[in-house]
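The sequence shown begins at 9 in the working numbering and counts up by one.
See structure below.
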Amino acid sequence: MIKDVIAKLVARESLSRAEAAAAMADIMAGEATDAQIGAFIMGLRQTGETPEIIAGCAETMRANMTRIKCDDPNAVDIVGTGGDCAHTFNISTTAAFVIAGAGVTVAKHGSYGVSSKCGSANVLSELGVNIQYTPQGMEKSLAELGIAFLFAPGLHPAMKHVVGPRRDLGFWSIFNILGPLCNPAGVKNGVLGVFKPELVPIISDACAQLGMNYQFIVHGNDGIDELTTTTTTMVTEIRRGKVESYEVQPAGLGISPASAQDLVGGDPAENARTTMALLNGERGPKRDIVLLNAAFAIMASRKVDNPQDGMSMAAESIDSGAALKKLNALAEMSHR
């Protein structure tokens, strides 16, 4: 099938969802050569990764991942595509503990850094979390703690077939989009950040096709794949099939404007210190952006229906010590 798909892409013809899913099935089964995988990636870059193509590829990737049981239908993920090259500290990872401390189940899907030297897996390792604990351990963490880290490379074994071609090509591809759409716990709610504004409507459409329930697709207009506090954020909200797009203005939520420099991170050790400081109550621009992103994830869980109340819950999670307790509990349980 992949030969037929590549022929269509060479002719600059777009693919249907079914064709994309079939080509992805060949790749996941190890039946495509590295050259064919590279041609598939290049062809999609030329024709464009449409919502149908993304949904088809994600459908196949989901079928090949290791599933993690999660009994909470309101569980959330907070994740980004990476690729923004903004070198911020680990905003989403820090926010995950804040969200969990607010009583929301968090299945945090992630890996090593894409465009930075410190992805979620890097900083969590530095914070004492065993990122490669077993699927059974992840399920236990979700059930008992309300938070787990789902290490992508360990739960998507079929992705080993694309590692070489992706590395050799060295540029952004559809596979950067697919990871955030393929949470092994099957969560259908949360915040998904993208690094290019044109991806917001495309990913939103793909999410709707994939049956996401309550999802915010966001892009900071300063270029980051998070809700930002330096300027406005593009948001598309998917709520039970209804789609609404708008901008979020930090000042409208009582947030003082930050500079890009205020949000810069460093290596895993530095970013771990930042996360610990924030969970211990440190105030300032970094806290503000964590509260903002946590607020929208809390909204996605249906615990609140507006960002102001979400920010209040997020602040209480930190100030009560609940967020820090979630981190410490996850670090302890992941080593059992």
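Where is the CB? At the ideal position from N, CA and C, for every residue including glycine.
This one's a predicted model, so the numbers in the text were calculated from it and none came from an experiment.
Can you name, in chain order, every residue of its own chain whose Cβ lies under 6 Å from the Cβ of residue i, other than the five neighbours on each side?
{"i": "G136", "result": "A339"}
{"i": "N279", "result": "F97, N98, C126, V131 and G273"}
{"i": "N229", "result": "T239 and T240"}
{"i": "D270", "result": "P293"}
{"i": "A29", "result": "G64, E67 and T68"}
{"i": "W180", "result": "G91"}
{"i": "A40", "result": "I10 and D34"}
{"i": "Q44", "result": "I10"}
{"i": "M319", "result": "L299 and A303"}
{"i": "S133", "result": "I139"}
{"i": "Y254", "result": "V243"}
Consult DSSP for residue i and reduce its assignment to one of helix, strand or coil.
{"i": "G38", "result": "coil"}
{"i": "T55", "result": "helix"}
{"i": "T68", "result": "helix"}
{"i": "A131", "result": "Note that residue 131 is Val in the sequence shown here, rather than Ala. Helix, per DSSP."}
{"i": "V13", "result": "helix"}
{"i": "P80", "result": "Rather than Pro, the amino acid found at residue 80 in this sequence is Asp. Three-state DSSP puts D80 in coil, outside helix and strand."}
{"i": "G136", "result": "coil"}
{"i": "M146", "result": "helix"}
{"i": "K334", "result": "helix"}
{"i": "A33", "result": "helix"}
{"i": "M73", "result": "coil"}
{"i": "S342", "result": "coil"}
{"i": "G262", "result": "coil"}
{"i": "G121", "result": "coil"}
{"i": "G46", "result": "helix"}
{"i": "S267", "result": "coil"}
{"i": "S325", "result": "helix"}
Identify the residues that DSSP records as bridge partners of residue i: which are they?
{"i": "I246", "result": "Q223 and V251"}
{"i": "K116", "result": "F157"}
{"i": "V18", "result": "DSSP, once it has assigned bridges, lists no residue as partnering V18."}
{"i": "V256", "result": "T241"}
{"i": "V272", "result": "T96"}
Please go through the same chain and pick out, in chain order, the residues whose beta-carbon is closer than 7 Å to the beta-carbon of residue i, but skip the five residues on each side of it.
{"i": "L235", "result": "V226, G228, T241, V256, L300, N301 and F304"}
{"i": "L335", "result": "F105, L135 and L287"}
{"i": "Q223", "result": "N197, G198, L200, C215, I246 and A308"}
{"i": "Y120", "result": "G127, A129 and N130"}
{"i": "Q140", "result": "F159 and G162"}
{"i": "D327", "result": "G289"}
{"i": "G38", "result": "H169"}
Below 8 Å CB to CB, which residues in the same chain sit around residue i once its five sequence neighbours on both sides are set aside?
{"i": "G46", "result": "P173, D176 and L177"}
{"i": "V251", "result": "S212, A216, T244 and E245"}
{"i": "T101", "result": "K116, G118, S128, V131, L132 and T283"}
inquiry  = For the region 53-63 against the region 237-245, do three or more pairs of beta-carbon atoms, one drawn from each stretch, fall closer than 8 Å, so that the two count as touching?
reply    = no
query = Quick one: complete alpha helix (DSSP H) runs, 4+ long, within the region 278-319?
reply = List check, alpha helix (DSSP H) in window: 293-308.
request  = Mind the definition here: the region 141-155 touches the region 295-311 only if three or more C-beta pairs lie below 8 Å; say whether that holds.
outcome  = No: fewer than three Cβ pairs fall under 8 Å.
Every unbroken beta strand (DSSP E) within the region 84-114, with a cutoff of 3 residues, ordered by chain = 85-88
inquiry  = Which complete beta strand (DSSP E) runs does the region 149-234 hold, if anything under 3 residues is left out?
reply    = 155-159, 197-201 and 222-228
ask   = Okay, do the region 44-56 and the region 192-207 touch, 3+ Cβ pairs below 8 Å being the bar?
value = no
query = Using 8 Å as the Cβ pair cut-off and three pairs as the minimum, do the region 108-115 and the region 304-322 touch?
reply = yes
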